[in-house]
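Quick note, the sequences are listed as chains A and B, same order. First residue of the first sequence? That's 3 in my numbering, and the numbers climb one at a time after it. First residue of the second sequence? That's 3 in my numbering, and the numbers climb one at a time after it. Positions of the beta carbon are idealized from the N, C-alpha and C atoms, including for glycine. Take a look at the structure below.
There are 2 protein chains.
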Amino acid sequence: MSPSHHPLSYAIIGAGAVGGLYGGMLAKRGAEVHFLMHSGIDEVRQHGWRVESVAGDFRLPPESLHLHNDPRSMPNCDVTILAIKSTQNHLLGELLPAATGQDGVVLCLQNGLHPEADSVAIVGPGRVLGGCCFLCSNKVAPGQIRHLDYGRIVLGEFTAADQPPAGISDRLQRITDDLIAAGIDAVATGDLWLARWRKLMWNIPFNGLSVALDASTKQLIDTPESARLAAAIMGEVRDAAAACGRTLPTDAIEKTLDHTRQMVPYDSSMRLDYRAGREMELAGIFAAPLAAAEQAGATMPRVEMLHQQLGFLQAHRRHRK
Amino acid sequence: MSPSHHPLSYAIIGAGAVGGLYGGMLAKRGAEVHFLMHSGIDEVRQHGWRVESVAGDFRLPPESLHLHNDPRSMPNCDVTILAIKSTQNHLLGELLPAATGQDGVVLCLQNGLHPEADSVAIVGPGRVLGGCCFLCSNKVAPGQIRHLDYGRIVLGEFTAADQPPAGISDRLQRITDDLIAAGIDAVATGDLWLARWRKLMWNIPFNGLSVALDASTKQLIDTPESARLAAAIMGEVRDAAAACGRTLPTDAIEKTLDHTRQMVPYDSSMRLDYRAGREMELAGIFAAPLAAAEQAGATMPRVEMLHQQLGFLQAHRRHRK
Numbered sequence: 003m004s005p006s007h008h009p010l011s012y013a014i015i016g017a018g019a020v021g022g023l024y025g026g027m028l029a030k031r032g033a034e035v036h037f038l039m040h041s042g043i044d045e046v047r048q049h050g051w052r053v054e055s056v057a058g059d060f061r062l063p064p065e066s067l068h069l070h071n072d073p074r075s076m077p078n079c080d081v082t083i084l085a086i087k088s089t090q091n092h093l094l095g096e097l098l099p100a101a102t103g104q105d106g107v108v109l110c111l112q113n114g115l116h117p118e119a120d121s122v123a124i125v126g127p128g129r130v131l132g133g134c135c136f137l138c139s140n141k142v143a144p145g146q147i148r149h150l151d152y153g154r155i156v157l158g159e160f161t162a163a164d165q166p167p168a169g170i171s172d173r174l175q176r177i178t179d180d181l182i183a184a185g186i187d188a189v190a191t192g193d194l195w196l197a198r199w200r201k202l203m204w205n206i207p208f209n210g211l212s213v214a215l216d217a218s219t220k221q222l223i224d225t226p227e228s229a230r231l232a233a234a235i236m237g238e239v240r241d242a243a244a245a246c247g248r249t250l251p252t253d254a255i256e257k258t259l260d261h262t263r264q265m266v267p268y269d270s271s272m273r274l275d276y277r278a279g280r281e282m283e284l285a286g287i288f289a290a291p292l293a294a295a296e297q298a299g300a301t302m303p304r305v306e307m308l309h310q311q312l313g314f315l316q317a318h319r320r321h322r323k
Numbered sequence: 003m004s005p006s007h008h009p010l011s012y013a014i015i016g017a018g019a020v021g022g023l024y025g026g027m028l029a030k031r032g033a034e035v036h037f038l039m040h041s042g043i044d045e046v047r048q049h050g051w052r053v054e055s056v057a058g059d060f061r062l063p064p065e066s067l068h069l070h071n072d073p074r075s076m077p078n079c080d081v082t083i084l085a086i087k088s089t090q091n092h093l094l095g096e097l098l099p100a101a102t103g104q105d106g107v108v109l110c111l112q113n114g115l116h117p118e119a120d121s122v123a124i125v126g127p128g129r130v131l132g133g134c135c136f137l138c139s140n141k142v143a144p145g146q147i148r149h150l151d152y153g154r155i156v157l158g159e160f161t162a163a164d165q166p167p168a169g170i171s172d173r174l175q176r177i178t179d180d181l182i183a184a185g186i187d188a189v190a191t192g193d194l195w196l197a198r199w200r201k202l203m204w205n206i207p208f209n210g211l212s213v214a215l216d217a218s219t220k221q222l223i224d225t226p227e228s229a230r231l232a233a234a235i236m237g238e239v240r241d242a243a244a245a246c247g248r249t250l251p252t253d254a255i256e257k258t259l260d261h262t263r264q265m266v267p268y269d270s271s272m273r274l275d276y277r278a279g280r281e282m283e284l285a286g287i288f289a290a291p292l293a294a295a296e297q298a299g300a301t302m303p304r305v306e307m308l309h310q311q312l313g314f315l316q317a318h319r320r321h322r323k
């Protein structure tokens, strides 16, 4: 990373609902932001960046943007925000090296229990941070983001599962401050695993059930049977986290239900993926926490069942395509 | 019931996939069989009874049939075969009294853990037997039955949950022999509860998952994720049965999976109900065994989850109607 008196530069790998929103907010504040785009670059070159947000709409004209369609042409940036779906992580060997260079860090804004591990395999240990995003946001077209609700990122240093929490490093604080200066609701955490489990408490029931029951979050929370089921699933996640050494707050289940109740009606990312015929993030959101729980001697029968149901649906959706 | 040297007479309440098949087979053999029909009586008066069966097709001409459309006009019969959906059991006060009279018995061929209890409430204790049907059969039109596979009835005397198994009574043996004489694969059991748990081992996973995952039994058994899930659900049912004092054979899960693998592709009755917008038999097949397990100190988390998912689907299917 550049010396502390220089502004940070950013690479955005994956300019979708998450990367497009946060990258756009950083660029709007004047940061040097390089967007790597897989598709739709011509539309963005024509129309620029358009963000409709509960925090205020804004546009970035095309001539103000650094757009790239080849990962090898990305300049070395201080912070590479990785915001592609974790199902695409087999591409990281192509996507990360140029942008992160010799001294950049990766900020992994992906779903799952430890999506950072895939980035560590490419750029090496000690250069990867992770963040959990709590937001309702969708990409409606290339360069066009609709940010519906919430927006917090809880970010921290990634550590291996068998290591103690990293605490809040100087670079973590610097990146957090930079995000806050761009208007992003960023919070540094000294224990990324705790934040990851906390987010899975929402992701596992609401991503999973929205696909299994073909339902919006509002339908799930407003129907007594599914709301009770979501709470039971959250209880399993909380107990598994505790077995893995991460104690979630006692009111976490009730708070998560409350947040979901107050949320705008929203299609979870997994439901959007399923409906669009894309692969769902089952490995990160289901298989990884199930494996961690099992290793810690905890069982999550409902989570396992939901994972199996989604596996069935994934197989047959694919089959029908 | 009539003296043992007289032939038994039968009332069929619910001439659908089950009552239509077995009632038709009894009538074909020459028994006096009275069919109570809720709808479609005119079609049957025109075309008679038509059964396509793996055991041989047959027809019964209209003039040979005793058809009734008013339960009050039913004659007193020795055996009233109750084969309506258990979701209609609130009608039993109208349906049973005339047919069973003072000395008839009810043979309850319904789904669930103890569907007989509703009949006991109407005709009194000591006059109700129950049977578990293991068959693939559908009503395709009034008086037209398609019997696809299997066909066994395991029947026994009903006893209250806190009483010991009844053993094989004379009347149970007499009814069983009569059914066998009509070509029905009937087996008397001294422990109806054991047979009920044994059947639930299939009904709970395959009725439930066929609705939750919108799948045929063949898709469920051929997809590794759902086959493993079905086996896990069966394990919960087996453990709950054991807690309730009914020990299922150790190879019951493997045998049930095998039978399902060899079964013709089949839409479960619950899936047919759901697709037709009818109420599903959730009370008998899910709520009753869950309550029995809980009372015995056993938990069935996957069964409970499936019940909650079906409750959600039932609520929203209704909502959409």
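Chain-ordered neighbours of residue i on chain B, where CB pairs are closer than 8 Å
i                : result
Ala317 (chain A) : Thr225, Glu227
Burial state of residue i, where buried means 16 or more other Cβ atoms lie within 10 Å
i                : result
His321 (chain A) : No answer about His321 (chain A) holds up, because its pLDDT of 46 lies below 50 and its placement is not dependable.
Asp105 (chain A) : exposed
Glu175 (chain A) : First, the residue type needs correcting, since residue 175 (chain A) is Gln and not Glu in the sequence shown. Gln175 (chain A) is exposed by the Cβ-count criterion.
Ser4 (chain A)   : exposed
Val108 (chain B) : buried
Phe314 (chain A) : buried
Lys87 (chain A)  : buried
Asn71 (chain A)  : exposed
Ala19 (chain A)  : buried
Glu306 (chain A) : buried
His7 (chain A)   : exposed
Ala163 (chain B) : exposed
His92 (chain A)  : exposed
Ala17 (chain B)  : buried
Thr101 (chain B) : According to the sequence shown, residue 101 (chain B) is Ala rather than Thr. Result: buried.
Gly126 (chain A) : exposed
Thr249 (chain B) : exposed
Gly299 (chain B) : exposed
Pro251 (chain A) : exposed
Pro303 (chain A) : buried
C-alpha gap between residue i and residue j, whole angstroms
i                : j                : result
Lys323 (chain B) : Cys246 (chain A) : The predicted position of Lys323 (chain B) is uncertain, since its pLDDT is 35 and thus under 50; no value can be drawn from it.
Pro226 (chain B) : Arg273 (chain B) : 21 Å
Leu69 (chain B)  : Gly22 (chain B)  : 12 Å
Met265 (chain B) : Asp44 (chain B)  : 34 Å
Ala244 (chain B) : Arg198 (chain B) : 13 Å
His40 (chain A)  : Phe288 (chain B) : 48 Å
Phe337 (chain B) : His49 (chain B)  : What is shown of chain B runs 3 to 323, which leaves residue 337 (chain B) out entirely.
Phe136 (chain A) : Arg154 (chain A) : 5 Å
Val130 (chain A) : Tyr268 (chain B) : 52 Å
Ala278 (chain B) : Arg319 (chain A) : 23 Å
Cys110 (chain A) : Ser11 (chain A)  : 16 Å
Gln1 (chain A)   : Asp241 (chain A) : Given that chain A is displayed from residue 3 to residue 323, the structure contains no residue 1 (chain A) and the question cannot be resolved.
Pro9 (chain B)   : Ser212 (chain A) : 57 Å
Thr258 (chain B) : Tyr152 (chain B) : 13 Å
Arg280 (chain A) : Leu194 (chain B) : 48 Å
Contacts that residue i makes with chain B (C-beta to C-beta distance below 9 Å)
i                : result
Pro291 (chain A) : Under the 9 Å cutoff, chain B gives no residues; its nearest Cβ is about 17 Å from Pro291 (chain A).
Leu215 (chain A) : Ala214, Gln311, Phe314, Leu315, His318
Partners in chain A for residue i, counting only beta-carbon separations shorter than 9 Å
i                : result
Met307 (chain B) : Leu231, Ala234, Ile235, Pro303, Arg304, Met307, Leu308
Closer than 7 Å at the beta carbon, the chain A residues around residue i
i                : result
Gln221 (chain B) : His318
Minimum C-alpha distance to residue i - residue among the options
i                : options                                : result
Gly32 (chain A)  : A:Val122, A:Gly153, A:Leu181           : A:Leu181
Glu54 (chain A)  : A:Ala162, A:Val142, A:Met282           : A:Val142
Arg148 (chain B) : B:Ala13, B:Val35, B:Arg52, B:Arg280    : B:Arg52
Cys79 (chain B)  : B:Ala184, B:Tyr152, B:Ala13            : B:Ala13
Gly237 (chain B) : B:Glu256, B:Lys220, B:Gln221, B:Ala293 : B:Glu256
Arg263 (chain A) : A:Gly133, A:Thr219, A:Pro291           : A:Thr219
beta-carbon residue i near the ligand FAD non-hydrogen atom, thresh 7 Å
i               : result
Val20 (chain B) : The model depicted lacks the ligand FAD and carries no ligand whatsoever.
Beta strand (DSSP E) segments (min. 3 residues) lying fully within the region 159-203 of chain A: Secondary structure within the region 159-203 of chain A: the beta strand (DSSP E) runs of 3 or more consecutive residues, fully enclosed, are 188-190 (chain order).
Runs of alpha helix (DSSP H) lying entirely within the region 39-104 of chain A, each at least 4 residues, in chain order: For the region 39-104 of chain A, whole alpha helix (DSSP H) runs of length 4 or above, ordered along the chain, are 43-49, 94-97, 99-102.
Complete runs of the alpha helix (DSSP H) confined to the region 233-307 of chain A [at least 4 residues]: For the region 233-307 of chain A, whole alpha helix (DSSP H) runs of length 4 or above, ordered along the chain, are 254-264, 271-277, 290-297.
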